[in-house]
Amino acid sequence: MRLIIVAGPPSAGKTTLTRQIINGLQNKSKNKNKVSYLKIDVVRAFEDEELKKEFGIPTKKIYSGDLCPDHAGIMVLRDAVVWAEENESDLLIVESAGLCLRCSPYVTEGLGIVVLSAISGTNTPLKMGPMITLADLAVVTKIDLISQAEREVFREKIKEVNGNIDIIETNALQGTGMRYLMRIVDSLSDIDKEKVMLKGEPPLGVCTICIGKKDIGWQNHFGVIRRLKDADYLYRGD
Amino acid sequence: MKHAEIEEITILPGRKKDGEAEDFGSIVITLGETISIVGPTGSGKSAFINDIEMFAQHDTVTGRTILVNGEHPPEEYVRDPSKKPIASITQNTQCLADLLVKNFLEMHARARKMVDCEVIQKTIDLANEFTGEKILPGMKVTELSGGQTRALMIADATLISNTPIILLDEIENAGIFKDRVIECVKRFRKAVVFVTHDPLIALLSDKRIVMKNGAVEKVLTPKEEEKPILKRIMLMDKRMDVIREKIRQGESICD
Ligand SMILES: Nc1nc2c(ncn2[C@@H]2O[C@H](COP(=O)(O)OP(=O)(O)O)[C@@H](O)[C@H]2O)c(=O)[nH]1
Ligand SMILES: Nc1ncnc2c1ncn2[C@@H]1O[C@H](COP(=O)(O)OP(=O)(O)O)[C@@H](O)[C@H]1O
Ligand SMILES: [Mg+2]
Ligand SMILES: [Mg+2]
Ligand SMILES: [Zn+2]
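Taken in sequence, the protein lines are chains A and B. Sequence positions in the first sequence follow this note's numbering and run 1 to 238. Sequence positions in the second sequence follow this note's numbering and run 1001 to 1255.
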C-alpha cells in the first residue's frame, strides 16, 4: 500500500487536492486504485463524510483536542495503516489539520505534500518552517486568483525555504497541473509498515506549559525556558 | 524552445460535452494575431483557453491537444511560471501584495533577473495606454480599480513576463480600451486570445472561434461586408467612452 500525507494551513486546498487525486485514480481504474482517507483535525471536520459520499471510499476522522494534531496523527498512524490495509486499499491519504507550524506530520515512507495557497501572501512560505522543509512536494493552489508576478515570487520564496523541493502549481478546482502530480502518485512504491518513522524532531513537552501549568512568565516554569530578551527564537529544536 | 522561438500554437480537436468527436481539423494561432472565443455561458469558452494555458495533452475534460511550433511542448512551460510562454488574465486575477505599483513591478522584474531599470516606467506607460484612469507609480496595487489592475497586468505580461501568448477571459467589464490592447498585440507581435461577449473585440479579431456544447462549432474570419458595421461600432464605442468619462467626472452628458 502507498501512503500520502497532505499538510498545509487551513483552507489551503488540501481537501480539494485530495479530491483531484482520488478522481484521477478512479478515472484510471476503480478496482485497481482503492483509496482510504483519514482526516485529522482539532475540533471539527467534515471532509470524511464529504469524500465518503462523493467517491464511495472508506474514510475516518480523529479529533486531537488539546494535543497537537501532528502528534495525534503520528500516534494513530500505525492503526490507520492497518485499517487501510483491512479495507484492501492501495493508497492511504492522511489529511492533517495543518495548524501547528512547529511540527510536521511527514514520515520517512510514502509522500509528504505541503499545500500552499498562492493567495496567502508572498512571505507565507518563509513562515512555515518544517511543514515545507520536510515535505517531498509542494503544491501551490489558487493560482487562478493571483497575478503572474506574485506567482513567480511565491515560487521563489518556497525555493528559498527548501531549494530541492519539487513544486506543482494548480488551480485545484479545475485540476490544472494534475498530470505531474498523478505521475508522482503512480510512481510511489508501497510502504514498509515496520520502517515508517516521524521525519522531523518534535518540539514536544519542552516546558511546564506543555503539561498544563498556566501561569504566565518564565519565572513560573521549568524546562526549556527563555526570557524575552534572550533570543530571536524562544525555542529552537536541537 | 525559448519564448522567442515560439511562432505558433496548434489546437487539435477533442470531444464535445456529449462525448462525440469535435469536428475541426486543427486551429493554428500565430504571433501577432488576435483571436476571440464567443458563445453562450457554459459553451466551453473558458475550458478552451484553459487547454491552451496548460498545454493540454489529451488529459483535460475536453481531450484536446496543444502543440507549439507543431511539437509537443516541454514540461517546464507548464510547471515553472517564469518559463511559461502564456499569461492568463481573468476577472478573478488579483494583485494582492501590499505594494506600490512601482515596487510591485520591481518585485517581478527582480524575480525575472531583469537589469533594464527603465522597464518599470515603460510598463506603467503602456498600462496607461489601456486605461482612462491614470496609474501612478506611487499608487498601491491593492487600491487600483478593476480596469487599472487588468491594464497593469496586460502591460506586465507584455514587457516584464514578455510572454508571446496572452489569454484574456471576459475582462470587458473592467473598462479598458480593447482596441488599444489589440493594437499593442500587433506592435509587440504577441498572440492574444479574448474570451468575450463584446461585439467590438469579436469584430476586431483576426478569427472568431464559436463555441457550442463544449466544442468548437466553427471558426469565422471577418467578412468584407462586416467592415462598415465595424466602423460604426467603433464610433459608438468611442462615444460610449466619452459619455462614461463625463459621468465619472460628474458632468452632464449634454454639455
Ligand atoms: N479559486 C480556487 N479556489 C480553490 C482552489 N483550491 C481550493 N479552493 C477553494 O478554497 C477553499 C478551501 O479549500 P479546501 O480544500 O477545503 O482547503 P483545506 O482546508 O486545506 O482542506 C474551498 O472553498 C475551495 O473550493 C484553487 O486552486 N482555486
Ligand atoms: N468538451 C467538454 N467536455 C466535457 N466538459 C466540458 C467540455 N467543455 C467544457 N466543459 C465543462 O463545461 C462547463 C462549462 O464550461 P466553461 O468553459 O466554463 O464555459 P464558458 O466559459 O463558456 O461559460 C465546465 O465545467 C467545463 O469543464
Ligand atoms: Mg480540508
Ligand atoms: Mg467562462
Ligand atoms: Zn505541534
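No residue lacks a Cβ here, since even glycine has one placed at the ideal position from N, Cα and C. Computed from a predicted structure; not experimentally measured.
Let me make sure I understand the geometry here. Which of the options has the alpha-carbon closest to that of residue i?
i: D1237/B; options: C1184/B, K1212/B, I1176/B and P1222/B; result: I1176/B
i: L1203/B; options: M1211/B, N1213/B, C1184/B and P1228/B; result: P1228/B
i: R1187/B; options: D1206/B, E1172/B and T1158/B; result: T1158/B
i: M178/A; options: F1048/B, M1054/B, I1029/B and T1041/B; result: M1054/B
i: L92/A; options: P130/A, Q174/A and T59/A; result: T59/A
i: T1161/B; options: E1022/B, K1084/B and L1031/B; result: It should be pointed out that residue 1161/B corresponds to Ser in this sequence rather than to Thr. S1161/B has its Cα closest to that of K1084/B, out of E1022/B, K1084/B and L1031/B.
i: N164/A; options: D186/A, I143/A, T133/A and I216/A; result: T133/A
i: P1073/B; options: P1081/B, G1063/B, S1082/B and Q1057/B; result: Q1057/B
i: A101/A; options: D90/A, D144/A, T124/A and V82/A; result: In the sequence as presented, Ala is not what sits at residue 101/A; that position holds Leu. That would be T124/A, whose Cα lies nearest to the Cα of L101/A.
i: E49/A; options: S96/A, V43/A, K61/A and D41/A; result: K61/A
Whose Cβ in chain A lies nearer than 7 Å to the Cβ of residue i?
i: D1059/B; result: R179
i: T1062/B; result: Correct list: empty, because the minimum Cβ distance to chain A is about 12 Å.
i: F1104/B; result: A149
i: A1157/B; result: Q148
i: A1087/B; result: Q148
i: S1082/B; result: E152
Pull up the CB-CB distance for residue i and residue j, whole angstroms please, since I reckon it's below 8 Å.
i: A1258/B; j: K1016/B; result: Any question about residue 1258/B goes unanswered here, given that chain B covers just 1001 to 1255.
i: V1061/B; j: C1095/B; result: Actually they are not in contact, since the Cβ atoms of V1061/B and C1095/B sit about 29 Å apart, beyond 8 Å.
i: T1093/B; j: S29/A; result: With a Cβ gap of about 36 Å, T1093/B and S29/A do not count as contacting.
i: M182/A; j: G13/A; result: About 16 Å separates the two Cβ atoms, so there is no contact after all.
i: I191/A; j: E109/A; result: 4 Å
i: E1008/B; j: I1029/B; result: 6 Å
i: T176/A; j: V140/A; result: So it is not a contact: roughly 11 Å between Cβ atoms.
i: V76/A; j: I5/A; result: Between I5/A and V76/A the Cβ distance is about 13 Å, and since that is not below 8 Å, they are no contact.
i: V1195/B; j: I1086/B; result: Contact doesn't hold; Cβ gap of about 14 Å is too wide.
Going straight from the alpha carbon of residue i to that of residue j, what length do you get?
i: D1098/B; j: K1223/B; result: 47 Å
i: Q1249/B; j: T1149/B; result: 20 Å
i: R1079/B; j: I168/A; result: 6 Å
i: A118/A; j: T1010/B; result: 30 Å
i: G237/A; j: M128/A; result: Note on G237/A: pLDDT 46, under 50, position unreliable in the model; no value is reported.
i: V1038/B; j: T1090/B; result: 15 Å
i: S189/A; j: N33/A; result: 13 Å
i: R151/A; j: D1156/B; result: 13 Å
i: G200/A; j: A7/A; result: 14 Å
i: I21/A; j: L137/A; result: 14 Å
i: R1239/B; j: I1182/B; result: 19 Å
i: I1066/B; j: T1034/B; result: 18 Å
i: I57/A; j: F1104/B; result: 45 Å
i: I113/A; j: A1047/B; result: 27 Å
i: A1151/B; j: D1023/B; result: 36 Å
i: C68/A; j: S1088/B; result: 40 Å
i: I1165/B; j: G1032/B; result: 9 Å
i: A80/A; j: L38/A; result: 8 Å
i: D1179/B; j: E1225/B; result: 20 Å
i: K1218/B; j: L1230/B; result: 21 Å
i: D70/A; j: V196/A; result: 15 Å
i: D1018/B; j: N1213/B; result: 8 Å
i: K1045/B; j: D66/A; result: 49 Å
i: Y106/A; j: R1064/B; result: 37 Å
i: T18/A; j: K1122/B; result: 43 Å
i: T15/A; j: E47/A; result: 7 Å
i: R1244/B; j: F1130/B; result: 15 Å
i: S1252/B; j: V1242/B; result: 11 Å
Name the one or two DSSP bridge partners that residue i has.
i: F1194/B; result: S1036/B and L1168/B
i: I4/A; result: I93/A and L111/A
i: K60/A; result: L38/A
i: R1015/B; result: A1021/B
i: D166/A; result: L137/A
i: K1207/B; result: I1035/B
At a CB-CB cut-off below 9 Å, which residues of chain A make contact with residue i?
i: T1093/B; result: D144, L145, I146, S147 and Q148
i: P1074/B; result: Neighbours of P1074/B on chain A: none; closest Cβ ~13 Å, over 9 Å.
i: S1161/B; result: Q148, A149 and E152
Given that residue i touches chain B, what residues does it touch there, using C-beta distances under 9 Å?
i: V153/A; result: A1097, M1107, H1108, R1110 and A1111
i: T122/A; result: L1096, A1097 and M1107
i: I119/A; result: Q1094 and L1096
i: I168/A; result: R1079
Find the residues of chain B that neighbour residue i, judging by a C-beta separation of less than 8 Å, and give them in chain order.
i: Q174/A; result: N1050
Quick one: is the Cβ of residue i within less than 7 Å of any heavy atom of ligand 7?
i: L51/A; result: Among the ligands present in this structure, namely ligand 1, ligand 2, ligand 3, ligand 4 and ligand 5, ligand 7 is not found.
Give the residues of chain A in contact with residue i, contact being defined as C-beta atoms less than 8 Å apart.
i: M1054/B; result: T176 and G177
i: T1090/B; result: D144
i: D1153/B; result: According to the sequence shown, residue 1153/B is Met rather than Asp. In chain order: S147 and Q148.
Residues of chain B with a CB under 7 Å from the CB of residue i: which are they?
i: E156/A; result: A1111
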